[in-house]
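Shown next, in structure tokens, is the structure this report addresses.
In the working numbering, the protein residues as written are 20 to 228.
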């Protein structure tokens, strides 16, 4: 009797072990299939750490308005109008650049355009390398420091060519639109002297990464 009970217990144990093993073998492939599906459906381009977010090309277009001091500030003209502006527009400038960047923090671009300075009667085409440093200062804001150095070609002055430098500081939003203040310099050698033209401008830029 005792032997029969042991034999019955052994048979039941074997059946239970076989069923558990079968369930395990079925469950493992299902788990692997689910993992493979999840892996294949993962959208890597949504990750900010993806390779496309690290660097690439960018374009920048900006428009600047040079300013000059208002010499008649506070004065009243013949029509009784008071001059209330400290600064007045003194021309216009437009530039376009194309270059490479790393994670939107650092970039370098070849840039050219045109500057018109009314008071100095100067129309010039600068061609320069533009370096930009734009770290984040908030979730949707970057502070942008730019420095450019290159050549300036005066229009209508024969073959007059000189140096060009500029530096600007501004704030940029997540759409790539920035407002900035810029100081630039066109320097030309005339006879034995160097004639330098400085200007302070306010501007707006659009950057596309």
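Just so it is clear, CB atoms sit at the ideal spot from N, CA and C, and this is done for glycine as well.
Values in this document were obtained by computation on a predicted structure and should not be read as measured data.
For residue 104, the closest of 131, 151, 91 by C-alpha to C-alpha distance is 91. Restricting attention to beta strand (DSSP E) runs no shorter than 3 residues, the region 142-195 encloses them at 160-173, 180-192, ordered along the chain. Where residue 91 is concerned, there is no enclosing beta strand (DSSP E), because DSSP gives it neither an H nor an E. Residue 176 sits away from residue 138, with the two beta carbons spaced by 8 Å or more. For residue 119, the closest C-alpha among the options 143, 97, 149, 112 is that of 149. Here residue 110 has 85, 135, 136, 137 as same chain residues with Cβ atoms under 6 Å from its own Cβ, once five neighbours each way along the sequence are excluded. When the beta-carbon positions are compared, residue 79 and residue 128 come within less than 8 Å of each other.
Nearest in C-alpha terms to residue 192, of all of 141, 75, 162, is 162. Annotation for residue 102: 89, 91, 92, 93, 94, 95, 96 place their beta carbon closer than 8 Å to its own, counting only its chain and skipping 5 residues before and after. 165 is the residue among 205, 207, 165, 76 whose C-alpha sits nearest the C-alpha of residue 187.
The continuous beta strand (DSSP E) containing residue 114 extends over residues 110-121. Taking a 10 Å sphere around the C-beta of residue 210, we find fewer than 16 other C-beta atoms and assign the residue as exposed.
For residue 81, the three-state secondary structure derived from DSSP is strand.
For residue 101, DSSP records a beta bridge to 95. A Cβ-Cβ separation of about 4 Å places residue 142 in contact with residue 174 under the 8 Å criterion. Within the same chain, 83, 134 come within 6 Å of residue 112 by CB-CB distance, once the 5 residues on both sides are set aside.
By the CB criterion at 8 Å, residue 182 and residue 197 fall outside the cutoff.
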